[in-house]
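Numbering (the working numbering), first residue to last: 13 to 536. Glycine included, each C-beta is placed from N, C-alpha and C at the ideal position. As the structure is a prediction and not an experimental result, all values here were calculated from the model.
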């Protein structure tokens, strides 16, 4: 038997991911684009509802307050997504709420001066105003780093090797939002997981009028079927005598969103009153802004690959971070109880549907704004049990993580140096945040527990984030360990042409600003 040829046992590296139906600047038909945009909107609801549902009761808020926060968060998400896709990185990314902000926000909620307020409504308003001001002040970090191009300078220390753990842990680092949540209601979580995989993968060649309808709309179809099934279980009394926690995760009538939502309500800035400044709260929130910046950097690079675009040049990445800072400023002004970051699940959906079109994401932003104003209709979709979303996350977070691993094709993985850096960064990126989570669950405070509350919030927030830990470890090791003689092993000859806008002719196609704005903001 003849020995196999090298090309038969290996695959050449590819700048752009192949196999996508629509890339960043190609568009499906309007009908298909609207349906896909609605699908992205439905997926974004998971985080948009989960964060306020957890935080508002801790602040003393009512179901009505929770609905108003969800509406404000969706409204700002829609605005931020439009701004990012038009003037930021221009990648097809949904800009949603971030769990990274929960650590400093919970610290503000437990501030003794706020906890001592006896009236729940007054405590809710005062806490909201404190969070708002912290977000407004902290947003300056991303605005300055982005628009001054300082983040572009920092990104010159990144290599394909250093980015692998960061992008991979943007997905893998959210493992606690996946099957641990599915397990809270396996009777709807497991069927949802199986159905979504079956439609999106095994039945993807099923065509209706030349359209792979089951693959393209697997999320919408699966959610509709399982949501109806969950409603049937609820109506039949299957959970009548089950524990309260099971009912909360399984029933379709426990969110109390529809009954509390107004028919029409337009969110507006400072709707909760004038923000109140506290330096300690602002410093703690700055750590969450830095975490959001790092997580979004990894997510933007994953999105560029799933949209069949080239990696965003340094100044485009920095421009996107600047607009994301504006987004966090809007979060603070509107009172959304969260900052902004790239929605990882929506990045994964680009790969699942094989549609990386920018127009689809802009349409989804329109749905966010529209349904945040029409409260009752938005609340109907927002009442989908979170277990259903968690089942989908198991697939989509894993897909984003695998995109991070795909950057290994540009590096030499027969190098012990590279194996060491990737392995250590991945392991510590998972292990350190897990230690912080376990410690906090037992002690009810983070490992950093000094008299300086802002210092505690800063450290605990940084080390709660898997991508942040991975970036600190990987970039440090990659730029200090035998770095002079390892440029080729690190993938730098491939990477260097994407650092500048003019380094590759395709960058102009993907990242040029609309309305001929590049005349006023020439790319570097």
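Taking the Cβ atom as the reference point for each residue, do residue 55 and residue 317 lie within a distance shorter than 8 angstroms? no
Kindly indicate which three-state DSSP category residue 369 falls into: helix, strand or coil? coil
Compare the C-beta of residue 59 with all C-beta atoms of chain D and state if any pair is closer than 8 angstroms. Checking the listed chains, one finds no chain D in this structure; it contains a single protein chain.
Beta strand (DSSP E) segment containing residue 353, residue limits: 352–354
Measuring alpha carbon to alpha carbon, tell me which residue in 65, 33, 521, 481 is nearest residue 269. 65
Length of the line joining the Cα atoms of residue 116 and residue 62: For the pair residue 116 and residue 62, the Cα-to-Cα distance works out to about 17 angstroms.
DSSP state of residue 441 mapped onto helix, strand, coil: helix
Within a Cβ cutoff of 8 angstroms, which residues of the same chain sit near residue 345, ignoring the five residues on either side of it in sequence? So the qualifying residues of the chain are 144, 148, 281, 282.
Any contact between the stretch 372–389 and the stretch 168–187? By contact I mean 3 or more CB pairs, one from each, below 8 angstroms. no
If you follow the alpha helix (DSSP H) that residue 416 is part of, which residue opens it and which one closes it? Residue 416 -> alpha helix (DSSP H) spans 398–418.
Ends of the alpha helix (DSSP H) at residue 58? 42–70
Spatially closest choice to residue 279 from 52, 77, 527, by CA coordinates: 77
Between which residues of its own chain and residue 489 is the CB-CB distance below 6 angstroms, once the five residues before and five after are set aside? Taking C-beta separations shorter than 6 angstroms and ignoring five residues to either side along the sequence, the partners of residue 489 in its chain run 433, following chain order.
Within this structure, are the beta carbons of residue 276 and residue 238 separated by less than 8 angstroms? no
Near residue 308, which residues of its chain fall below 8 angstroms by C-beta distance, leaving aside the five closest residues on each side in sequence? Excluding sequence neighbours, residue 308 sits near 332, 333, 336, 353, 354.
Got a sec? Which residues, its chain only, sit under 6 angstroms from residue 113 by beta carbon, not counting five neighbours each side? 300, 350, 351
Selected residue, minimal CA-CA separation from residue 67, among 52, 195, 122, 36: 122
Inter-residue spacing [alpha-carbon to alpha-carbon] between residue 503 and residue 23: 16 angstroms
Under a three-way DSSP split, which group does residue 32 fall into? Coil.
Backbone CA spacing between residue 216 and residue 225 [nearest angstrom]: 8 angstroms
Between the stretch 373–392 and the stretch 164–172, can you find at least three pairs of beta-carbon atoms closer than 8 angstroms? No, they do not touch.
Helix, strand or coil: which one does DSSP assign to residue 158? helix
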